[in-house]
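Working notes for the structure below.
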Amino acid sequence: MNAAVAHIRWLEECDASSASVVGGKCASLGELISIGMAVPPGFAVTTHAHDAFLSRHAVRERETELLQAVDYDAVAEVTKASERLRDLVEDLELPEETAAAVRDAYERLSDGDDVPVAVRSSALAEDLSTASFAGQLQTYLWVEGADAVVEHVRRCWSGFFTPEALSYRHRQGIAAEDARMSVGVQQMVPARSAGVLFTLNPVNGDRSKIVIESTWGVGEALVSGEVDPDRFTVDKVTLDLLSTVIGNKQVEHRPDPSGGGVVVGEIEADRRSLPSLSGEEAVALARMGKAIERHAGQPQDIEWAIDADGEILVLQARAETVWSQRERPPTVEKKGSALEYVLADLLNR
Amino acid sequence: MTSEPATRTFPSPFDVPAPPGAEDWRRLYPEYYLFSEERRDFEENKFWFFDGLHNPEPIYPFDAIMTESWWVFLNQFLTRVWQVPPASGIDQRLVNGYLYVSPTTIDDPAEIEQRVPVFLERAGQYYANWDEIYDKWIVKAEDCIDRLRKIEFEPLPDLEPIETVTSVRGTTSAWDIVHRYDELLENMHEMACYHFELNMLGYGAFMTFSDFCKTAFPDMPDQSIARMVGGVDILFFRPDDEVRKLSRLAIELGLADAVLDNDDPDDVLRAMGAAEGGDRWLAALEEAKDPWFWFSTGTGYCHQHRSWIDDLTVPFGAMQGYITKLQAGESIDRPLDEILRERERIASEYRELLPTDDDRAAFDETLALARKVYPYVENHNFYVEHWHHSMFWNKVRDLGRVFQAGGFLVDSEDIFYLHRYEVHEALFDMLTAWATTNPGRPRYWQDEIAERKRIMEKLRAWAPPPALGKPPEAVTEAATVMLWGITTDMVEQWLDAQGGNGDADGGPAALNGFAASPGVAEGPARVITAVDQLDQVELGEILVCPITAPSWAPVFAKIAGAVSDVGGIMSHAAIVSREYGLPAVVGTGFGTRQIETGQRVRVDGNEGTVTVVDE
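Chains as they are written, first to last, in the numbering used here: chain A, 1 to 349; chain B, 1001 to 1615.
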């Protein structure tokens, strides 16, 4: 099959230019791989595959028909249309060539035993920059087995028709025939530790710092606020570890040993207040964050994990949105000479 | 830090008891150096802190010339020459022989306003012509040292040499001694003027850059700032570099064993003398010695810290370490190119992170000025404290030998138990006896010195509290923070520490200080309180000391980390640790008293903490 209409594309074949085919998330993971970052292996189910699915079953026609009379201000009407479309999608099979491509890719990812993967929608890049995106992104973690992966791709596609997504497209004036999505399938990391990293100090916007929050196990406990994480501050320029504040980490999310998702477990008392990262790991993460920021050209908000072997993996990197959008006040009042700066300094002490 | 009622205070300087047996300590020093009823109101309301940075031990009466030299010659530049707008002088007093200092700032805006144009005109001239002024400064300093070298003291002759008659000079050996002693004191004060001529302006420029950086990037580590400004061509690494060269030469000549097998420097010299090719090495040693071994094993401020030129134990001990490393195939070179590359990289990366072009312009201006003044800031120590002062102390010793030859002193070193005005008296006592050929009063001086030795012994055993008098609400004075490393938090800690039993013993297992050089190290502690204990330091230990001097640099090749009681980010321990890439925490206040040799300690040079890991 021609690459331009391939149903799947491996992440390492993606970059910023493939966003229209694999969505913003997969495109950015491809970019990360291209600059040498370790990213859990995976592939994107492309917009071509989505397109083919929608066309094969005349879903688009059905969509146009159902939405024609919808009053978008009436929530109940949008919801009703959404339910119908989602019922329709969930009753349909994936086109055989798409299902085969997904199964084949999954098996290559697994290399024998079924490997747990995350299946999540990867929206088109132009949508990512807006904050009103909630509700369109589906994420299914710890999915195992080719059948289950195919099933979850379909669920993501069904999520294409949530009421939020329909309203959003309407507001943005995106015609039904122009809308599509990609789905990412990526190996789960059985993380020893995981967390987030900002390439600035989120407390005061100081761009010379990198701040890392970390906890034991996979990152969900931290993102959901269930734990008081460890916090590491690293100087962005010198990569010196400047401060370490150890949190009290009560619980961790870890892979269910019986397979099928994660379990939330209480952390043993003596491990709660142990640092979930070594100083060297914090510095290695900061070095990674600095490289990603440099490549992206703006401050980043990064999700990462460290596996049992101590390897650092980037799960996601996106532009930081809070401080990056504010105006930055000048540090000093401009003076005519170095001497005047000295005087001002003496008088300010 | 919890806020405490403002009533917390340090002991009044008037309530500090003398150690038993040393009640009479005041007789060792000039009256103006003491707390007195005459100035009581003024003195009691000030904050005095112990200057362990320059004078960790009680001051010998003669050595007070050194502390007084900055009492006058530093302060005059602040107040009478530059009129640094917000700065009054830094006062001094002695308590039980220990030096306490108290900086003052001017708070009245009108007074500050008046001083501004004076400062701008005067400091402006110096900053604008800094490079030229610094070049001239080197000439002045070397000339001053050259004149010092020429001052010689010889024992009084029974009969004046015939040249006194044939030259018709009219003056005599007695006049020579009086004149040369005066010359010696003048020479010391002259160097003190040069010392402080550039000092405060240099530090001021550095602080301006430092403060700019910390405003732009809150909590920027001091070491980042120092790394952007610091050079690598620093004179005070030169003596150590000479030791490295001699180490390489010993190996090259196949004479490494002469160094490795002998712990006594005299034995090394003998072994070299006896070995084939040893004369080449000895010639290289002589070549290196002057001036590079005029390198005090202390700060240079105290006569008892001999320089390498007098005692080769430290450089030869270091040589053993270097030779061992070289033989094991390790490099002993300081990574100069890398340090320079890093300096430029760090500066350009921080610069890039600034928000506006105006800020980048301010960064460039203040960094350029800081770098311009920095050669002086880093190098003056070698000219002044090491080369000049070490030579000065030896000249005083030469005079001591004249007294000893005249029967006035039992030992030439005893001269340091007299303050400089008393030396005049003793000199005239000896000269009157010499001139009249009748008895003088040597017993008077010998008895007095014996008593003073007893008193000094008691004073040495006393532990000076870190501060006296009224604590400031916040420590803002620049020199206090930067040179002495004293911060508001530290003052609070001292207040906390004295809260219990009135001293620092039994304090917490963690000590806080300045994060002076990044990294974390753990190892057995080696507490060193005097330079003659330096040879006890073993590979991988954590050096715990009151303060380090540049001549301790070789020991940094052995240790895993450093902790000092006193000192800020620009203190020697901090600079040398950064150079060697060792974690260091300086200004811990109580390190040498709370840590014991052999305890396992963890030095966190990122956080500025020192923890005893086990007992």
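Backbone N, C-alpha and C define an ideal beta-carbon position, used for all residues, glycine too.
Chain A within 8 angstroms of residue i, Cβ atoms only
i               : result
residue 1086(B) : yes
residue 1212(B) : yes
residue 1117(B) : no
residue 1361(B) : yes
residue 1373(B) : no
residue 1346(B) : yes
residue 1606(B) : yes
residue 1074(B) : no
residue 1480(B) : no
residue 1350(B) : yes
residue 1353(B) : yes
residue 1298(B) : no
residue 1356(B) : yes
residue 1218(B) : yes
residue 1173(B) : no
Own chain, CB closer than 7 angstroms to residue i, minus 5 neighbours either side, in chain order
i               : result
residue 1507(B) : With a pLDDT of only 43 at residue 1507(B), under 50, the local geometry of the prediction cannot be trusted, and no value is derived from it.
residue 1466(B) : 1049, 1050, 1494 and 1589
residue 1059(B) : 1067, 1094, 1097 and 1099
residue 1359(B) : 1216
residue 1115(B) : 1083 and 1085
Inter-residue CB distance, residue i and residue j (contact presumed, cutoff 8 angstroms)
i               : j               : result
residue 1544(B) : residue 1592(B) : 6 angstroms
residue 1566(B) : residue 1587(B) : 6 angstroms
residue 25(A)   : residue 158(A)  : Rounded, the Cβ-Cβ distance is 18 angstroms, inconsistent with contact.
residue 1485(B) : residue 1610(B) : Their Cβ separation, rounded to whole angstroms, is 14 angstroms, which puts residue 1485(B) and residue 1610(B) out of contact at 8 angstroms.
residue 177(A)  : residue 60(A)   : 6 angstroms
residue 1262(B) : residue 1271(B) : 6 angstroms
residue 283(A)  : residue 203(A)  : That pair is no contact at about 20 angstroms.
residue 238(A)  : residue 1346(B) : 6 angstroms
residue 1301(B) : residue 1055(B) : 6 angstroms
residue 1605(B) : residue 1481(B) : At roughly 19 angstroms, the Cβ-Cβ gap does not stay under 8 angstroms, so residue 1605(B) and residue 1481(B) are not in contact.
residue 1306(B) : residue 1299(B) : Rounded, the Cβ-Cβ distance is 13 angstroms, inconsistent with contact.
Beta-carbon contacts of residue i that lie in its chain and below 6 angstroms, excluding the five residues immediately before and after
i               : result
residue 13(A)   : none
residue 1022(B) : 1455, 1458 and 1459
residue 249(A)  : 215, 216, 227, 267 and 272
residue 1195(B) : 1384
Beta carbon proximity, residue i to chain B, threshold 8 angstroms
i              : result
residue 330(A) : yes
residue 334(A) : yes
residue 130(A) : Here the model assigns residue 130(A) a pLDDT of 47, short of 50, so the residue's position is not dependable, and the following value carries that caveat. No, because no Cβ of chain B sits closer than 8 angstroms to the Cβ of residue 130(A).
residue 342(A) : yes
residue 286(A) : no
residue 230(A) : no
residue 279(A) : yes
residue 338(A) : yes
For residue i, the first and last residue of its enclosing alpha helix (DSSP H)
i               : result
residue 157(A)  : 146 to 159
residue 1445(B) : 1442 to 1461
residue 1175(B) : 1173 to 1216
residue 292(A)  : 279 to 296
residue 222(A)  : 220 to 223
N-terminal and C-terminal residue of the beta strand (DSSP E) that residue i is part of
i               : result
residue 252(A)  : 251 to 255
residue 1098(B) : 1098 to 1105
residue 1512(B) : 1510 to 1512
residue 231(A)  : 230 to 235
residue 140(A)  : 139 to 143
residue 209(A)  : 209 to 216
residue 1548(B) : Counting along the chain, residue 1548(B) falls outside any beta strand (DSSP E), and DSSP gives it neither H nor E.
residue 265(A)  : 262 to 266
residue 71(A)   : Run containing residue 71(A): none; DSSP gives neither H nor E here.
residue 305(A)  : 300 to 306
Beta-carbon contacts of residue i that lie in its chain and below 8 angstroms, excluding the five residues immediately before and after
i               : result
residue 1284(B) : 1245, 1246 and 1249
Interface residues of chain C facing residue i [CB-CB closer than 9 angstroms]
i               : result
residue 1520(B) : Absent here is chain C; the protein component of the structure consists of chains A and B.
Point to revise | Short-range partners of chain B found in the segment 233 to 267 of chain A, where Cβ spacing is below 9 angstroms | key: 233, 235, 236, 237, 238, 240, 241, 242, 243 and 244
Check your understanding: the segment 1010 to 1021 of chain B: which residues have C-beta closer than 7 angstroms to a C-beta of chain A, in chain order?
Key -> none
Exercise for review: Note down, in chain order, all residues in the segment 1553 to 1579 of chain B with a beta-carbon under 8 angstroms from any beta-carbon belonging to chain A.
Suggested key: none
Exercise for review: Check each residue of the segment 189 to 208 of chain A: if its Cβ is closer than 7 angstroms to any Cβ of chain B, include it; give the result in chain order.
Suggested key: 204, 206, 207 and 208
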